[in-house]
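Engineer: With the first letter of the sequence shown counted as 1, position 506 gets the number 577 in our numbering; the numbers rise by one all the way through. Here a beta-carbon is modelled for each residue, glycine too, at the ideal position from N, C-alpha and C. None of the values given here were measured: they were computed from a predicted structure.
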Amino acid sequence: MGITGLQQREKHGTASLVPPLRGRRRRNLGAILAMSNTPAEQSSGSGLSQIVNQAFIDRLRDFVLFGKIPIGYNRADEPKSRQALADSQQKVVRLEQQIARELYLAPLSVLLIGAGALGFVPGMLVGVPLVVYATIPYWRLALLQLSQERQIGYSVVFSILMTGVLVSGQFLLHAFLLTVSNAAYLLVTRIYRSSRATLTTLVNDMPQEVWLRHDRVETCVPLEQVQKGDILVVHAGEVIPVDGTIVTGNASIDQRALTGEAQPVEREPGSKVFAGTIVISGTLDVHVERAGSQTVVAEIGDVLSRTIEYTSTLELKGRALSERSVMPTLLLSLASMPFLGPLPALTILFSYFGGMMRVLAPVSVLTFLKLASEYSILIKDGRALETLNEIDTVVFDKTGTLTLEQPHVAVIHACTDMKSAEVIRYAAAAEHKQTHPIARAIQLAAEEQDLPALEAVSYEVGYGLKVQVEGRQVRVGSARFMEREDIAIPADIESLQASCHLQGHSLVYVAVDEQLAGAIELHTTVRPEAQEIIAGLHRRGIKTVVISGDHTQPTRHLAEQLGIDTFFAEVLPEDKANLVERLQDEGRMICFVGDGINDSIALKQANVSVSLRGATAIATDTAEIILMDESLEQVVRLFELAEQLDQTMHQSLVISVIPGVLILVGVYGFNMGLAMAGITNLGGLWVGLGNALLPRIKHYLSTTVEAVQA
Numbered sequence: 072m073g074i075t076g077l078q079q080r081e082k083h084g085t086a087s088l089v090p091p092l093r094g095r096r097r098r099n100l101g102a103i104l105a106m107s108n109t110p111a112e113q114s115s116g117s118g119l120s121q122i123v124n125q126a127f128i129d130r131l132r133d134f135v136l137f138g139k140i141p142i143g144y145n146r147a148d149e150p151k152s153r154q155a156l157a158d159s160q161q162k163v164v165r166l167e168q169q170i171a172r173e174l175y176l177a178p179l180s181v182l183l184i185g186a187g188a189l190g191f192v193p194g195m196l197v198g199v200p201l202v203v204y205a206t207i208p209y210w211r212l213a214l215l216q217l218s219q220e221r222q223i224g225y226s227v228v229f230s231i232l233m234t235g236v237l238v239s240g241q242f243l244l245h246a247f248l249l250t251v252s253n254a255a256y257l258l259v260t261r262i263y264r265s266s267r268a269t270l271t272t273l274v275n276d277m278p279q280e281v282w283l284r285h286d287r288v289e290t291c292v293p294l295e296q297v298q299k300g301d302i303l304v305v306h307a308g309e310v311i312p313v314d315g316t317i318v319t320g321n322a323s324i325d326q327r328a329l330t331g332e333a334q335p336v337e338r339e340p341g342s343k344v345f346a347g348t349i350v351i352s353g354t355l356d357v358h359v360e361r362a363g364s365q366t367v368v369a370e371i372g373d374v375l376s377r378t379i380e381y382t383s384t385l386e387l388k389g390r391a392l393s394e395r396s397v398m399p400t401l402l403l404s405l406a407s408m409p410f411l412g413p414l415p416a417l418t419i420l421f422s423y424f425g426g427m428m429r430v431l432a433p434v435s436v437l438t439f440l441k442l443a444s445e446y447s448i449l450i451k452d453g454r455a456l457e458t459l460n461e462i463d464t465v466v467f468d469k470t471g472t473l474t475l476e477q478p479h480v481a482v483i484h485a486c487t488d489m490k491s492a493e494v495i496r497y498a499a500a501a502e503h504k505q506t507h508p509i510a511r512a513i514q515l516a517a518e519e520q521d522l523p524a525l526e527a528v529s530y531e532v533g534y535g536l537k538v539q540v541e542g543r544q545v546r547v548g549s550a551r552f553m554e555r556e557d558i559a560i561p562a563d564i565e566s567l568q569a570s571c572h573l574q575g576h577s578l579v580y581v582a583v584d585e586q587l588a589g590a591i592e593l594h595t596t597v598r599p600e601a602q603e604i605i606a607g608l609h610r611r612g613i614k615t616v617v618i619s620g621d622h623t624q625p626t627r628h629l630a631e632q633l634g635i636d637t638f639f640a641e642v643l644p645e646d647k648a649n650l651v652e653r654l655q656d657e658g659r660m661i662c663f664v665g666d667g668i669n670d671s672i673a674l675k676q677a678n679v680s681v682s683l684r685g686a687t688a689i690a691t692d693t694a695e696i697i698l699m700d701e702s703l704e705q706v707v708r709l710f711e712l713a714e715q716l717d718q719t720m721h722q723s724l725v726i727s728v729i730p731g732v733l734i735l736v737g738v739y740g741f742n743m744g745l746a747m748a749g750i751t752n753l754g755g756l757w758v759g760l761g762n763a764l765l766p767r768i769k770h771y772l773s774t775t776v777e778a779v780q781a
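Following this line, the structure appears as structure tokens:
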């Protein structure tokens, strides 16, 4: 196996690390958008002529395929400074914002020019200059693209088209097309704003002023003045503005926006609270530990801001496709002019399909980022959404991922005349004030018992507890602790200890006075949602693997219980990444799901990494995707969202092509005019926007129906 002690098991036979074919694999969107950019093979010859020929071929290719202007072009200047690119992008943004602000000018010109066409001459005299003025931002965008980007792209084509319509005297058509185009700009701008605002709403909802307690006096101060160590007072209905610890007070807190928990949680003195959560009832004094940009919610906002910027990457892919279709469209239009005339040649420009993808790609991604946040899924790296569609194997870490931190009491073994109920009662009394997982499991098993009061407590770290209960001395701890206390362990209990060790179970010994009263057998608690999640992944054709540092027997039992395909046992934390790499070498695409504690290297090695650590560890978690509710319930939905995004992007690609094909067929076969071509083109854009927003609309309708029914 290459890793000492690794064990593996495959259902129905010997394990094989070679994955089966999953049927027809959808082509990744990146493969469609990232068309070949390989330079032409160098022409024959050598020396200077070969270099010149290759440079000429490269420039000619760039001009014909991408519209890059060769005049003054130097490949050494290609990597422009970040500042120059940023300045150029800012200018484009300002022009697009101007288009959105002046939306009313185009429809007003439609009314005026329409009135002029019906005989109202002043309408024409005012409407034509108005529509020319409304077109200026588009011309400026085209000039910006030519002068700074040295490229003939979407803005240039659209400007040529609108100028041609204007020069041809079809003022009403020009105004109408401008109105529809501006409306699309406005819609997209609002989509960007609403999506960004929704994703970062936690950061924006922080109170501007807070109540600071000093010398028993509450003072209202600006939030930015709060420092570590201050005591803040938070009343019912208010948002907790900092991360800290409750000093006094009890409260019911809504953490849904941060962790996805549907029900409020009860918090008491000593409990941790986080910024962005809401106090539903009660009043709290909170000791400030982190404020401002250091809070968990601020870290989430920072991550989401970077994730939203990933839409720029997909937008660049969409724009790359857009620019690559520019020159073929222009050349086709020019070639058709001698045969069809200027107006049909101008109409052919409406067949340019690439412009839609530069709009639809980022809108689609923002839609699905919003949907993911609705399901308490935080995507730190947007590229993971694309990669998820290629995943064929999900590797789960066992402890803390498929199982819960807290075990449960399975069996109580009584050794004397004492009954099992008395054994658990004494153990729970001893563990009453302890908070570690084993103590909580024992307390939960005895929660209906009437626990006696403790009279004296002695705690030895790593061994056990010694307490006085009802006049009797009670010891609770490990076998080693019992040996130190000279408590004899019966042979049958020693055999039980060996058996439990092999199966991954643990024993907690309970002694009353100087005699062993019994042993409490604790089993690992499997997450209640784990089996359904494994079944859901199998329905999608995805193989499942579990990795554990535990012994073979308990790991095998867990794999069989959950229906996991393959297991690896006795894997050291540092070997998890090696195992993931080996699986990748076998041809698998791996998604690693862990708790982010001792598997950070494996998370980095995997093609996609998912963590269950939740919001509190967002800054240190290396995973690309974090499940904020700290459960596995959304794992299958994560794959569904990635698949839906991929489908939406493919649909957008098809929608962007169809209008162009119809226009070309219409122009060459049926003498289609400018008006019909414009309506077809812009109609396709609106259909594409509707398709990009459809998942969000469906989710809104479904949640509304559920709320009404509830």
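Would the segment 453 to 467 count as touching the segment 479 to 497 if we require 3 or more Cβ pairs under 8 Å?
Structural biologist: The answer is no - the segment 479 to 497 does not touch the segment 453 to 467, with fewer than three Cβ pairs under 8 Å.
Engineer: Can you round the beta-carbon distance between Val281 and Val288 to whole angstroms, since I take them to be within the 8 Å contact cut?
Structural biologist: By 1-based counting over the sequence shown, the position of residue 281 is 210. By 1-based counting over the sequence shown, the position of residue 288 is 217. That pair is no contact at about 14 Å.
Engineer: Can you give the Cα-Cα distance for Val597 and Asp301, rounded to whole angstroms?
Structural biologist: Here residue 597 refers to the residue found at position 526 of the sequence shown. Here residue 301 refers to the residue found at position 230 of the sequence shown. For Val597 and Asp301, the distance between alpha carbons rounds to 41 Å.
Engineer: Compare the Cα-Cα distances from Ile630 to each of Ala778, Ile697, Lys469, Asp700 and report the closest residue.
Structural biologist: Working through the sequence shown from its first residue, we reach residue 630 at position 559. The sequence shown places Ala at residue 630, rather than the Ile named in the question. Checking every option, the nearest Cα to that of Ala630 belongs to Lys469.
Engineer: Below 8 Å on the Cβ atoms is my guess for Ser447 versus Asp700; work out the distance and round it to an integer in Å.
Structural biologist: Here residue 447 refers to the residue found at position 376 when the sequence shown is read from its first residue. Here residue 700 refers to the residue found at position 629 when the sequence shown is read from its first residue. At roughly 5 Å, the Cβ-Cβ gap stays under 8 Å, so Ser447 and Asp700 are in contact.
Engineer: How long is the line joining the alpha carbons of His245 and Val202, rounded to whole angstroms?
Structural biologist: Position 174 of the sequence shown, counted from the first residue, corresponds to residue 245. Position 131 of the sequence shown, counted from the first residue, corresponds to residue 202. When rounded, the distance between both Cα atoms is 8 Å.
Engineer: So, using beta-carbon positions, are Val305 and Val350 closer together than 8 Å?
Structural biologist: Residue mapping note: residue 305 aligns to position 234 of the sequence shown, counting from 1. Residue mapping note: residue 350 aligns to position 279 of the sequence shown, counting from 1. Yes.
Engineer: Please say whether Leu753 and Ser226 have beta carbons closer to each other than 8 Å?
Structural biologist: As a position in the sequence shown, residue 226 is number 155, starting the count at 1. As a position in the sequence shown, residue 753 is number 682, starting the count at 1. Not a contact, by the Cβ cut-off of 8 Å.
Engineer: Going by beta-carbon coordinates alone, are Val494 and Ala606 separated by less than 8 Å?
Structural biologist: Position 423 of the sequence shown, counting from 1, holds the residue named residue 494. Position 535 of the sequence shown, counting from 1, holds the residue named residue 606. Cβ atoms of Val494 and Ala606: not closer than 8 Å.
Engineer: What residue from Leu405, Arg221, Val434, Arg610 has the CA that sits closest to Thr260's CA?
Structural biologist: The residue given as residue 260 occupies position 189 in the sequence shown. Among Leu405, Arg221, Val434, Arg610, the Cα nearest to that of Thr260 belongs to Val434.
Engineer: With a CB to CB cut of under 6 Å and the five nearest residues on each side skipped, what residues in its chain are close to Ser180?
Structural biologist: In the sequence shown, the residue the question calls residue 180 occupies position 109. Here the set comprises Gly198, Leu201, Val202, Ala246.
Engineer: CA-CA distance, Ser491 and Ala559?
Structural biologist: Here residue 491 is taken as the residue at index 420 of the sequence shown, counted from 1. Here residue 559 is taken as the residue at index 488 of the sequence shown, counted from 1. Straight-line Cα distance between these residues: approximately 19 Å.
Engineer: Would you kindly work out how many angstroms separate the C-alpha atoms of Pro208 and Ala346, rounded to a whole number?
Structural biologist: The residue labelled residue 208 in the question sits at position 137 within the sequence shown. The residue labelled residue 346 in the question sits at position 275 within the sequence shown. Approximately 43 Å between the Cα atoms of the pair.
Engineer: The beta strand (DSSP E) that contains Pro293, what's its start and end?
Structural biologist: Here residue 293 refers to the residue found at position 222 when the sequence shown is read from its first residue. Its beta strand (DSSP E) spans residues 288 to 293.
Engineer: For the beta strand (DSSP E) that contains Glu603, what are its first and last residues?
Structural biologist: Start at 1 with the first residue of the sequence shown, and residue 603 comes out as number 532. Counting along the chain, Glu603 falls outside any beta strand (DSSP E), though it belongs to the alpha helix (DSSP H) covering 601 to 610.
Engineer: Using the three-state DSSP reduction, which class does Val313 fall into: helix, strand or coil?
Structural biologist: For the purposes of this step, residue 313 is taken as residue 242 along the sequence shown, with counting starting at 1. In this structure, Val313 counts as coil in the three-state DSSP scheme.
Engineer: Check each candidate in Thr418, Thr615, Ile750 and name the one with the smallest Cα separation from Met660.
Structural biologist: Locating residue 660 in the sequence shown gives position 589, counting from the first residue. With distances taken between Cα atoms, Met660 lies closest to Thr615.
Engineer: Taking 7 Å as the limit between beta carbons, can you name the residues of its chain near Gln472, skipping five residues before and five after?
Structural biologist: Residue numbering aside, residue 472 sits at position 401 when the sequence shown is read from its first letter. Just to set this straight, residue 472 is Thr in the shown sequence, not Gln. Cβ within range, chain order: Val664, Gly665, Asp666, Leu683.
Engineer: On the CB-based measure, 16 or more other CB atoms within 10 Å of its CB, does Gly755 come out buried or exposed?
Structural biologist: Walking along the sequence shown from the start, residue 755 turns up at place 684. Buried is the call here.
Engineer: When you compare only the Cα positions, how much space is there between Ile430 and Ala673?
Structural biologist: Position 359 of the sequence shown, counting from 1, holds the residue named residue 430. Position 602 of the sequence shown, counting from 1, holds the residue named residue 673. The sequence given here has Val at residue 430, not Ile. Approximately 36 Å, taken between the alpha carbons.
Engineer: Determine the closest residue to Gln365 out of Ser396, Gly315, Ile729, Val357, with distance taken between C-alpha atoms.
Structural biologist: Taking the sequence shown and counting its residues from 1, one reaches residue 365 at position 294. Measuring from the Cα of Gln365, the nearest candidate turns out to be Gly315.
Engineer: Using the rule of at least 16 other Cβ atoms within 10 Å of the residue's Cβ for burial, across every protein chain shown, is His503 buried or exposed?
Structural biologist: Residue numbering aside, residue 503 sits at position 432 when the sequence shown is read from its first letter. Counting Cβ neighbours within 10 Å, His503 comes out buried, since at least 16 surround it.
Engineer: Helix, strand or coil, according to DSSP, for Thr595 in the structure here?
Structural biologist: To locate residue 595, count along the sequence shown from 1; it is residue 524. Thr595: coil per DSSP, three-state reduction.
Engineer: Which same chain residues end up closer than 6 Å to Tyr739 when comparing Cβ atoms and leaving out the 5 residues on each side of it in sequence?
Structural biologist: Here residue 739 corresponds to residue number 668 of the sequence shown, with the count starting at 1. So the list is empty, once near-sequence residues are dropped.
Engineer: Taking just the CA atoms, how far does His770 sit from Ile450?
Structural biologist: For the purposes of this step, residue 450 is identified with residue 379 of the sequence shown, where counting begins at 1. For the purposes of this step, residue 770 is identified with residue 699 of the sequence shown, where counting begins at 1. In a straight line, the C-alpha of Ile450 is about 19 Å away from that of His770.
Engineer: Could you check if Ser671 is buried or exposed, using at least 16 other CB atoms within 10 Å of its CB as the buried criterion?
Structural biologist: Translated into positions along the sequence shown, residue 671 becomes position 600. Answer is buried; the Cβ neighbour count reaches 16.
Engineer: Who are the near neighbours of Met408 in its chain, counting only those whose CB is closer than 6 Å to its CB and skipping five residues on each side?
Structural biologist: To locate residue 408, count along the sequence shown from 1; it is residue 337. Cβ neighbours of Met408 beyond the five flanking positions: Ala416.
Engineer: Check this for me: beta carbons of Leu355 and Ala254, under 8 Å apart or not?
Structural biologist: Translated into positions along the sequence shown, residue 355 becomes position 284. Translated into positions along the sequence shown, residue 254 becomes position 183. The answer is no: Cβ separation not under 8 Å.
Engineer: From Ala186 to Leu196, what does the alpha carbon distance come to, in whole angstroms?
Structural biologist: As a working note, residue 186 is residue 115 in the sequence shown. As a working note, residue 196 is residue 125 in the sequence shown. So the alpha carbons of these two residues sit roughly 11 Å apart.
Engineer: If you follow the alpha helix (DSSP H) that Lys647 is part of, which residue opens it and which one closes it?
Structural biologist: Walking along the sequence shown from the start, residue 647 turns up at place 576. Taken as a continuous stretch (DSSP letters only), the alpha helix (DSSP H) holding Lys647 covers 647 to 656.
Engineer: Evaluate the contact criterion for the segment 398 to 412 versus the segment 708 to 726: three or more CB pairs, one atom per stretch, below 8 Å.
Structural biologist: No, the segment 398 to 412 does not touch the segment 708 to 726.
Engineer: Classify Glu736: buried if its beta carbon has 16 or more other beta carbons within 10 angstroms, exposed otherwise.
Structural biologist: In the sequence shown, residue 736 corresponds to position 665, counting from 1. Correcting the residue identity first, residue 736 is Val in this sequence and not Glu. The residue is exposed, with fewer than 16 neighbouring Cβ atoms inside 10 Å.
Engineer: Taking the beta carbon of Lys537 as the centre, do at least 16 other beta carbons fall within 10 Å, making it buried, or is it exposed?
Structural biologist: Here the question's residue 537 lines up with position 466 in the sequence shown. With 16 or more Cβ atoms within 10 Å of its Cβ, Lys537 is classed as buried.
Engineer: For a cutoff of 8 Å on Cβ pairs, would you count Lys537 as touching chain B?
Structural biologist: The structure shown contains no chain B; it is built from a single protein chain.
Engineer: Ignoring anything shorter than 3 residues or poking outside the segment 405 to 492, list the beta strand (DSSP E) runs there in chain order.
Structural biologist: If we require 3 residues or more, the beta strand (DSSP E) runs fully inside the segment 405 to 492 come out as 448 to 450, 464 to 468, 479 to 485.
Engineer: Alpha carbon to alpha carbon, what distance is there between Ile768 and Leu745?
Structural biologist: Within the sequence shown, the letter at position 674 stands for residue 745. Within the sequence shown, the letter at position 697 stands for residue 768. Taking the straight line from one Cα to the other gives about 33 Å.
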